[in-house]
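Asks: In this note's numbering, the protein residues as written are 5 to 166. Encoded as structure tokens, here's the structure I'll be asking about.
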């Protein structure tokens, strides 16, 4: 697979992905990496029905995905990889899935999280995990849709107050 976007998006497959990222990146495959979705046939079916018929959808647990794709390799399919949360991305990295760039698109609001952008809410663990990925050599960008200007997370992380 040619991984053209590794993204954290708690909504997984939705309008921003279908109408924004797929055409912008000319992607033909979406891979969802999430333990709960991989074990839920109904949720998998919903995700598969949400995409155009010519877009392939695959769903893996974090462990399955990391074993099968320890490095981004090309097979001719331009692939978007979606993680529901930052913890899963870091766990995949710890299980030897290697990538150079991570896009943070949507992280929902919940208790203990602060607003970073209108669509991204982070807690201390999220920031710590992202900074750890940066220390490991991963570039982390904040960008909701392709038309947005990317923000380098490292440059603005110090401004987050808890």
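A virtual CB, placed ideally from N, CA and C, is assigned to each residue, including glycine.
Using 7 Å as the threshold, is the C-beta distance between residue 61 and residue 37 below it?
Replies: No. Outside cutoff.
Asks: Would you kindly check if the distance between the Cβ of residue 123 and the Cβ of residue 96 is under 7 Å?
Replies: No, the Cβ-Cβ distance between residue 96 and residue 123 is not below 7 Å.
Asks: Below 8 Å, how does it come out for the segment 36-50 and the segment 104-122: are there three or more Cβ pairs, yes or no?
Replies: The answer is no - the segment 104-122 does not touch the segment 36-50, with fewer than three Cβ pairs under 8 Å.
Asks: Check each candidate in 160, 102 and 98 and name the one with the smallest Cα separation from residue 126.
Replies: Residue 126 has its Cα closest to that of 160, out of 160, 102 and 98.
Asks: Under 7 Å, Cβ to Cβ, is there at least one residue of chain D near residue 28?
Replies: Annotation note: the requested chain D is absent from the structure, which comprises a single protein chain.
Asks: Note down, one range per segment and in chain order, each beta strand (DSSP E) of at least 3 residues found wholly within the segment 38-82.
Replies: The qualifying runs are 60-64.
Asks: Hey, could you find the ends of the alpha helix (DSSP H) residue 107 is sitting in?
Replies: No alpha helix (DSSP H) holds residue 107; the beta strand (DSSP E) holding it covers 105-110.
Asks: Which residue's Cα is closest to the Cα of residue 26: 137, 154 and 149?
Replies: If we check each option's Cα against that of residue 26, 149 comes out closest.
Asks: Do you know offhand how far residue 63's Cα is from residue 43's?
Replies: In a straight line, the C-alpha of residue 63 is about 9 Å away from that of residue 43.
Asks: Would you please state the rounded distance, in angstroms, between the beta carbons of residue 82 and residue 17? I believe it to be under 8 Å.
Replies: Incorrect: roughly 16 Å between the Cβ atoms, too far for contact.
Asks: Given residue 153, which residues of its chain have a CB within under 8 Å of its CB, disregarding the five upstream and five downstream residues?
Replies: Correct list, in chain order: 147.
Asks: Between the beta-carbon of residue 169 and the beta-carbon of residue 105, is there less than 7 Å?
Replies: The question about residue 169 has no answer, for the chain in this structure spans 5 to 166.
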